[in-house]
Structure formats: structure tokens, C-alpha cells
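For reference, the structure is listed below as C-alpha cells.
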Amino acid sequence: MASSPLKYTTKLANQRILVLGATSGIGFCVAEAAIEHGAHLIISSSKQSNLDRTIARLKESYPSQIEKQPITSHACDLSDAANLDTNLKSLFEAATNGGTTKLNHVVTTAGDTLSRPTVDEITPEIIYSAMNVRFIAPAMMAKYFKKYVESSPTSSFTVTTGVRAHKPAPGWSVVTGMASGVEGLVRGLAIDLKPVRVNAVSPGAVHTELFSQFPDVESVLDIFRKGSITGTVGRPEDLAESYIYVMKDHFVTGTVIESNGGALLV
55 MASSPLKYTT KLANQRILVL GATSGIGFCV AEAAIEHGAH LIISSSKQSN
105 LDRTIARLKE SYPSQIEKQP ITSHACDLSD AANLDTNLKS LFEAATNGGT
155 TKLNHVVTTA GDTLSRPTVD EITPEIIYSA MNVRFIAPAM MAKYFKKYVE
205 SSPTSSFTVT TGVRAHKPAP GWSVVTGMAS GVEGLVRGLA IDLKPVRVNA
255 VSPGAVHTEL FSQFPDVESV LDIFRKGSIT GTVGRPEDLA ESYIYVMKDH
305 FVTGTVIESN GGALLV
């Protein structure tokens, strides 16, 4: 009896996937997962030097896959508000060979250091700065989908929000507003970009390179462990599964996928 063709692990094979924020943390693991699923990977970050290092790192782990399916990269600084529109257009042009080879999926995990001002310190400039990479940039990306992304329910746009949208903490008002806004943006774009599917992934505490900013990392991790039902801190390779899922499930749109160890129930 002839073996049945694989239906599930090959759903992303030869799909063109653009990952923004791919040089570290969750984005890097999404890039790894895309390679393992046989996708054609395009990666972006703010600096070309970081992208070059990332490609070298991925080649060490997946030499045969990348030889068959080379990685494309293009630097795009999402924090440069004055040039954001121009930067994004250049990115989509480079990722699609000028629109001749359309994308199937766009994922953004890009982030910057979160500003957490007290209520007395809030200014319009602080609010704009907090929203630029995580809210304004994804909203601006949407304008390029008609030209550069395959118009099909098999295509998707996945953005990143966070647990603070539903579980505020002292000093997190601006971040909570931004994260909540991303969820609203996803629901709106799911309608405006249809049939392309639009979803968000909402991580809880995830142990990435950003934790290096804390002088006592273990004590911070212990706090997050106690704030979850699982007694663990998320790993970026676990979160990557959420992004892969929303790309593969062609019936999910306008949805937020939670991965937080049960933090909302504690």
C-alpha cells in the first residue's frame, strides 16, 4: 500500500514567510520553525549586521535546508517614525522581488525597550514612543498587503501583543493601553484585509535575551514562575509554536492566541 502524503507537517512547505524581529528571542525561534517546516524564509531587523549574524547562526543549525532554500534578509528600522513608511515599502519590495513573488505570511515579533512611566510622567512623546514599533508599525504594514501578499485565506498576518492587555500592573498603564490597542487592531484588520487572516499572539513572561538587562536575573525569573500556574517561565521555542499554528490553521482569524502559563488565572 502506498504511503499517504503528509498533510500537516508540510502545510508551510515552500511558503514565503517574512519574519520581522527575527534576530533574537521569539522571532528567531519562529524563523527556526519556519525553516523546519520547509518555508522560504525572509528575515528583517533594524540592523543588517544582526541579520548577517542570524543567517550564519541558522546555517550552522540547518545547513542542508538553507542550501536548498536560501534565506533572504533586509534591514528595516521600525523605530524610525519619520521614515517608517519608506522603510516598510523598501522591505516589502525586497521581500517580494518588487512584487513579482508575493508573500504568504508576515509575522512581526519586533519590539524595543518598554517605557513604563508613572502616571505623572506620561507625555504624548512617551505614548508615541511606546506604540511605534508594536502598534503603529503593524498598522502601517497592512497598507502593503494588497500588492505584496497573496490574497487568500491560506495567507496570514500575525502580530504580537502581551499579557498586560488583560492583566495590568502598577506603572504599566501606557503598555496596557498599547497592548489592548493591538488586539483591537487585529480585529479591525481581519475585516479590512480579508481574505488574508490576521491574528495576534499574546505571550506572558518569556525568557529571552531581554532579561540580560536585569542585574539579578534569577530573582526576576522566580517572580514570574510564582506568577504562573505551570510554575515556569515561557521559552521562545514554545511561543514559536503559536505563530506556526496561526499560519497553518486556515480557519482562524481576528483571534488572540494566549501563551502565558496560566498567568491570567493567578
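Just so you know, the sequence shown maps onto residues 55 to 320 in the numbering used here.
All C-beta atoms in this analysis are idealised placements derived from N, C-alpha and C, irrespective of residue type, glycine included.
query: How would you call ASN137, buried or exposed, if buried means at least 16 neighbouring beta carbons within 10 angstroms?
result: Locating residue 137 in the sequence shown gives position 83, counting from the first residue. The residue in question, ASN137, is exposed, as its Cβ has fewer than 16 Cβ neighbours within 10 Å.
- prompt: According to the neighbour-count rule (16 or more other Cβ atoms, all chains shown, within 10 Å of its Cβ), is ASN151 buried or exposed?
  reply: Working through the sequence shown from its first residue, we reach residue 151 at position 97. Result: exposed.
message: I'd like the span of the beta strand (DSSP E) that includes SER206, first residue to last.
response: Indexing the sequence shown from 1 puts residue 206 at position 152. No beta strand (DSSP E) holds SER206; DSSP gives it neither H nor E.
message: The beta strand (DSSP E) that contains VAL321, what's its start and end?
response: Missing from the structure shown is residue 321; the chain here goes from 55 to 320 and no further.
query: At which residues does the beta strand (DSSP E) containing LEU168 begin and terminate?
result: Mapped onto the sequence shown, residue 168 falls at position 114. Segment: none, LEU168 is in no beta strand (DSSP E) and carries neither H nor E.
task: Identify, in the order they occur along the chain, each residue of the same chain with its Cβ nearer than 7 angstroms to the Cβ of PRO124, setting aside the five sequence neighbours on each side.
output: If you number the sequence shown from 1, residue 124 lands on position 70. Answer for PRO124: no residue qualifies.
- prompt: So what does DSSP say about SER282, is it helix, strand or coil?
  reply: Your numbering for residue 282 matches position 228 in the sequence shown. Reduced to three states, the DSSP call for SER282 is coil.
message: On the criterion of 16 or more Cβ atoms from any shown chain inside 10 Å, does GLY285 qualify as buried, or is it exposed?
response: Residue mapping note: residue 285 aligns to position 231 of the sequence shown, counting from 1. Under this definition GLY285 is an exposed residue.
message: Once the 5 residues before and after SER282 are set aside, which same chain residues still bring their CB inside 8 angstroms of it?
response: The residue you call residue 282 lines up with position 228 of the sequence shown. These residues qualify, in order along the chain: GLY258, ALA259, ASN314, GLY315, GLY316, ALA317, VAL320.
query: Which runs of the alpha helix (DSSP H) fall wholly inside the region 90-117 and span at least 4 residues, in chain order?
result: 102-115
Cα-Cα separation between ARG107 and LYS197, rounded to whole angstroms: Along the sequence shown, one-based indexing puts residue 107 at 53. Along the sequence shown, one-based indexing puts residue 197 at 143. Looking at the two C-alpha atoms, the distance is approximately 30 angstroms.
message: DSSP has ILE224 in a bridge; who is on the other side?
response: Here residue 224 is taken as the residue at index 170 of the sequence shown, counted from 1. A small correction: the amino acid at residue 224 is Pro; Ile does not occupy that position in the sequence shown. Looking at the DSSP assignment, PRO224 forms no beta bridge with any residue, so it has no partner.
message: If contacts are defined as beta-carbon pairs under 8 angstroms, then TYR202 and LEU157 qualify, I think. What distance do you get, rounded to the angstrom?
response: As a working mapping, residue 202 is identified with position 148 in the sequence shown. As a working mapping, residue 157 is identified with position 103 in the sequence shown. Contact holds; Cβ gap of about 6 angstroms.
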